[in-house]
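Top to bottom, those sequences are chains A and B.
Under the working numbering, the first residue of the first sequence is numbered 98, with each subsequent residue one higher.
Under the working numbering, the first residue of the second sequence is numbered 98, with each subsequent residue one higher.
Glycine included, every Cβ here is placed at the ideal spot set by N, Cα and C.
Notes follow once the structure below has been shown.
Number of protein chains: 2
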Amino acid sequence: MFRKVCIVGCGLIGSSLARAIKKKNLAKKIVSSNRSKATNEKVIELKIVDESSSDIKKMAEGADLIIISTPLSSYKDVILKIKDCLNSETILTDVGSVKEKIMNLVEKNIPENISWIPSHPIAGTEESGPEAGFSNLFENRWCILTPNKKAKEKDINLLKKFWETIGSKVDIMEAKQHDYILSITSHIPHLIAYNIVNTSLNIQEEKESAIVKYSAGGLRDFTRIAASNPVMWRDIFIQNKNNTSNMIDKFINNLKDLKKAIENEDEEKLEKIFEKTKKIRKDIVAAGQDIEKPNFGRK
Amino acid sequence: MFRKVCIVGCGLIGSSLARAIKKKNLAKKIVSSNRSKATNEKVIELKIVDESSSDIKKMAEGADLIIISTPLSSYKDVILKIKDCLNSETILTDVGSVKEKIMNLVEKNIPENISWIPSHPIAGTEESGPEAGFSNLFENRWCILTPNKKAKEKDINLLKKFWETIGSKVDIMEAKQHDYILSITSHIPHLIAYNIVNTSLNIQEEKESAIVKYSAGGLRDFTRIAASNPVMWRDIFIQNKNNTSNMIDKFINNLKDLKKAIENEDEEKLEKIFEKTKKIRKDIVAAGQDIEKPNFGRK
Numbered sequence: 098m099f100r101k102v103c104i105v106g107c108g109l110i111g112s113s114l115a116r117a118i119k120k121k122n123l124a125k126k127i128v129s130s131n132r133s134k135a136t137n138e139k140v141i142e143l144k145i146v147d148e149s150s151s152d153i154k155k156m157a158e159g160a161d162l163i164i165i166s167t168p169l170s171s172y173k174d175v176i177l178k179i180k181d182c183l184n185s186e187t188i189l190t191d192v193g194s195v196k197e198k199i200m201n202l203v204e205k206n207i208p209e210n211i212s213w214i215p216s217h218p219i220a221g222t223e224e225s226g227p228e229a230g231f232s233n234l235f236e237n238r239w240c241i242l243t244p245n246k247k248a249k250e251k252d253i254n255l256l257k258k259f260w261e262t263i264g265s266k267v268d269i270m271e272a273k274q275h276d277y278i279l280s281i282t283s284h285i286p287h288l289i290a291y292n293i294v295n296t297s298l299n300i301q302e303e304k305e306s307a308i309v310k311y312s313a314g315g316l317r318d319f320t321r322i323a324a325s326n327p328v329m330w331r332d333i334f335i336q337n338k339n340n341t342s343n344m345i346d347k348f349i350n351n352l353k354d355l356k357k358a359i360e361n362e363d364e365e366k367l368e369k370i371f372e373k374t375k376k377i378r379k380d381i382v383a384a385g386q387d388i389e390k391p392n393f394g395r396k
Numbered sequence: 098m099f100r101k102v103c104i105v106g107c108g109l110i111g112s113s114l115a116r117a118i119k120k121k122n123l124a125k126k127i128v129s130s131n132r133s134k135a136t137n138e139k140v141i142e143l144k145i146v147d148e149s150s151s152d153i154k155k156m157a158e159g160a161d162l163i164i165i166s167t168p169l170s171s172y173k174d175v176i177l178k179i180k181d182c183l184n185s186e187t188i189l190t191d192v193g194s195v196k197e198k199i200m201n202l203v204e205k206n207i208p209e210n211i212s213w214i215p216s217h218p219i220a221g222t223e224e225s226g227p228e229a230g231f232s233n234l235f236e237n238r239w240c241i242l243t244p245n246k247k248a249k250e251k252d253i254n255l256l257k258k259f260w261e262t263i264g265s266k267v268d269i270m271e272a273k274q275h276d277y278i279l280s281i282t283s284h285i286p287h288l289i290a291y292n293i294v295n296t297s298l299n300i301q302e303e304k305e306s307a308i309v310k311y312s313a314g315g316l317r318d319f320t321r322i323a324a325s326n327p328v329m330w331r332d333i334f335i336q337n338k339n340n341t342s343n344m345i346d347k348f349i350n351n352l353k354d355l356k357k358a359i360e361n362e363d364e365e366k367l368e369k370i371f372e373k374t375k376k377i378r379k380d381i382v383a384a385g386q387d388i389e390k391p392n393f394g395r396k
């Protein structure tokens with residue numbers, strides 16, 4: 098499918114992509130570029146890329162697919178370094194969780210004839226780093242493309258095919274819409290998880306290890322999400338700050354409403370809300386976006 | 098261990114107890130009482146109890162262990178019906194998630210010589226009903242006892258042994274302390290999960306099924322918790338309303354703090370908080386309160 102794929106940043110997502118490309122034999126050559134020497138050595142040792150170096154220009158040279166999979170705050174640095182390696186045959190994509198700001202940032206810095214087609218695979222675990230990746234991470238997961246206006250139709254189709262070949266279902270939408278929807282389905286849930294774990298930590302200092310001990314009552318599920326990559330999530334919230342901020346306000350208003358219902362012992366209202374939220378779980382399992390094993394199969 | 102165990106309310110927890118008692122052979126006879134005819138028939142069909150009837154007095158008569166496992170709002174009704182069946186040889190317990198209020202309610206309505214020893218197994222799944230139970234639900238989970246002052250020492254020891262035999266680790270504490278700790282480790286996480294799913298539902302009406310489609314980005318984990326039994330949770334929040342209300346305030350204050358850091362693009366502060374929350378996950382896995390499989394082993 099490609100002559101040379103260059104993955105910039107072999108973390109959980111980047112290394113999973115490398116593995117999937119190898120497994121499906123989608124490139125004659127896969128290379129990666131990482132800032133740290135240890136990571137460049139590790140990906141060679143893991144045999145998930147053919148070559149890896151911190152010399153990003155050398156790695157990007159001649160690649161017909163370049164995938165940026167670094168935290169969002171590194172994009173500017175990456176683009177300034179690789180822009181001279183891009184030519185009319187290059188497809189440039191990424192895997193970032195926020196699109197609108199980086200779309201503009203990258204567009205401003207690359208030649209006109211480049212197909213810049215941001216991707217967002219809705220997939221991941223709470224783990225980080227090249228050893229945490231696995232080739233079937235993208236199977237049965239959605240991947241959203243938000244192509245730049247100047248991206249060539251044939252390149253959009255090829256990149257769509259690429260994601261489908263590694264198991265994803267692909268949707269194409271505007272960056273603005275992407276950032277709004279994802280703030281609800283992903284960014285706010287992560288922020289809330291961080292916040293609840295942080296709130297419990299402030300209390301834990303008083304109550305020693307009681308929080309850890311009795312965490313199976315619900316808190317432990319939040320701690321899993323709140324164990325996700327700190328730099329990656331810091332960047333996501335800042336890049337999507339308007340949506341994040343608006344959603345926080347809606348969330349707080351609803352929470353105050355629930356608080357009032359509890360204080361007033363309004364059984365009817367509480368039950369009605371909790372019945373409604375129960376239903377969406379069934380829809381999600383029916384849509385194949387989760388398994389129906391109770392307790393995530395931990396039983 | 099017991100002559101006759103009576104389980105009042107064979108839902109997820111009650112039916113799991115019945116199964117565990119049968120499996121470990123801890124009673125000569127197990128009976129249950131449920132309000133609905135269908136449930137009384139179902140538990141007989143599932144062969145998890147020897148007898149079951151809505152006639153709660155008949156079921157409780159002669160039992161040396163009575164376990165109330167109904168929603169908290171049914172306790173008063175249950176106690177008024179069974180109080181005449183209690184005698185000095187009865188151990189009365191429950192499995193409810195809030196203790197202080199029901200401790201007093203029950204104490205006021207039972208004879209002096211009864212060992213009233215509330216239990217709270219920190220275990221469960223998002224499913225409800227007698228078919229959802231399983232015998233090893235309590236294995237390696239904590240169970241907190243908050244014995245009434247008049248409970249006999251030998252009965253406390255026997256009940257402790259009972260929980261240990263079905264796999265639990267037992268802690269004894271004051272009801273007040275229990276309600277405070279559990280509001281952090283269990284009640285608030287559930288309330289937050291309900292609130293985030295409810296917030297996303299209000300938006301979903303605008304955006305059709307996009308929320309379900311892209312839920313794998315984080316939201317789906319909350320929907321699992323928010324699929325828990327609505328009546329049970331409504332009762333928990335109302336019974337523990339002071340702690341719940343205080344914790345909501347703390348939660349909202351912290352969330353506003355995070356919001357401000359995001360709006361100010363305060364990278365350092367955000368990263369510091371997210372690094373801190375990452376650490377507690379390791380403590381929870383190390384304490385055996387969760388598995389370390391990434392993504393709950395869904396990968």
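Within 7 Å, strictly: CB atoms of residue i and residue j
| i | j | result |
| --- | --- | --- |
| Ile278/A | Ala307/B | yes |
| Ser280/A | Arg116/A | no |
| Ile163/A | Cys107/A | no |
| Val175/B | Val105/B | yes |
| His287/A | Ile322/A | yes |
| Arg378/B | Ala220/A | no |
| Gly226/A | Ser166/A | no |
| Glu224/A | Gly264/A | no |
| Leu242/A | Ile214/A | yes |
| Leu234/A | Ser113/A | yes |
| Ser312/A | Thr282/B | yes |
| Lys126/A | Lys101/A | yes |
Anticipated Cβ contact below 8 Å, residue i with residue j, distance rounded
| i | j | result |
| --- | --- | --- |
| Met156/A | Ala124/A | No, Met156/A and Ala124/A are not in contact; Cβ-Cβ is about 13 Å, not under 8 Å. |
| Leu352/A | Ile349/B | 7 Å |
| Ala272/A | Glu197/A | 4 Å |
| Ile118/B | Asp161/B | No, Ile118/B and Asp161/B are not in contact; Cβ-Cβ is about 13 Å, not under 8 Å. |
| Lys376/A | Pro327/B | Incorrect: roughly 11 Å between the Cβ atoms, too far for contact. |
| Glu364/A | Arg331/B | 6 Å |
Cα-Cα separation, residue i to residue j
| i | j | result |
| --- | --- | --- |
| Pro391/B | Lys178/A | 34 Å |
| Ile300/B | Lys347/A | 10 Å |
| Thr190/A | Ser194/B | 49 Å |
| Ser212/A | Leu169/A | 19 Å |
| Ile289/B | Asp354/A | 12 Å |
| Ile389/A | Phe334/A | The sequence given here has Glu at residue 389/A, not Ile. Computed Cα separation, rounded: 30 Å. |
| Asn245/B | Asn210/B | 11 Å |
| Val192/A | Asp181/A | 21 Å |
| Glu142/A | Asp380/A | 42 Å |
| Leu183/B | Lys154/B | 10 Å |
| Ile255/B | Ile207/B | Note on residue identity: the sequence assigns Leu, not Ile, to residue 255/B. Distance between the alpha carbons of Leu255/B and Ile207/B is about 20 Å. |
| Lys173/A | Arg238/A | 28 Å |
| Glu250/B | Asn337/B | 28 Å |
| Asp152/A | Val146/A | 15 Å |
| Gly230/B | Asn201/B | 29 Å |
| Trp260/B | Glu204/B | 22 Å |
| Ser185/B | Lys121/B | 26 Å |
| Lys109/B | Cys240/B | Sequence inspection shows Leu at residue 109/B; the Lys mentioned does not correspond to that position. When rounded, the distance between both Cα atoms is 16 Å. |
| Ser383/A | Gln386/B | Correcting the residue identity first, residue 383/A is Ala in this sequence and not Ser. Each residue's alpha carbon lies about 29 Å from the other. |
| Ser297/B | Glu158/A | 44 Å |
| Lys266/A | Glu228/B | 35 Å |
| Lys310/B | Met329/B | 29 Å |
| Thr262/B | Thr222/B | 21 Å |
Cutoff 7 Å: residue i Cβ touching any chain D Cβ
| i | result |
| --- | --- |
| Asn339/A | No chain D appears in this structure, whose protein chains are A and B. |
Near the ligand FAD: residue i beta-carbon under 6 Å from a heavy atom
| i | result |
| --- | --- |
| Ile388/B | Ligands displayed in this structure: none; no statement on the ligand FAD is therefore possible. |
Original post:
Counting pairs of beta carbons, one from the region 287-298 of chain B and one from the region 311-319 of chain B, are three or more of them closer than 8 Å?
Top reply: yes
**OP:** Note down, one range per segment and in chain order, each beta strand (DSSP E) of at least 3 residues found wholly within the region 213-241 of chain A.
**Re:** 216-218
Original post:
So does the region 354-373 of chain A actually touch the region 130-140 of chain B, counting three or more Cβ pairs closer than 8 Å?
Top reply: no
Original post:
With a cut-off of 8 Å, do at least 3 Cβ pairs link the region 353-363 of chain B to the region 326-345 of chain A?
Top reply: yes
Subject >> Runs of beta strand (DSSP E) wholly within the region 252-308 of chain B (minimum 3 residues, chain order) >> reply: 266-269
Original post:
Which runs of the alpha helix (DSSP H) fall wholly inside the region 332-372 of chain A and span at least 4 residues, in chain order?
Top reply: 338-360
Original post:
Can you list, in chain order, the stretches of the beta strand (DSSP E) that have 3 or more residues and sit fully within the region 150-181 of chain B?
Top reply: 162-165
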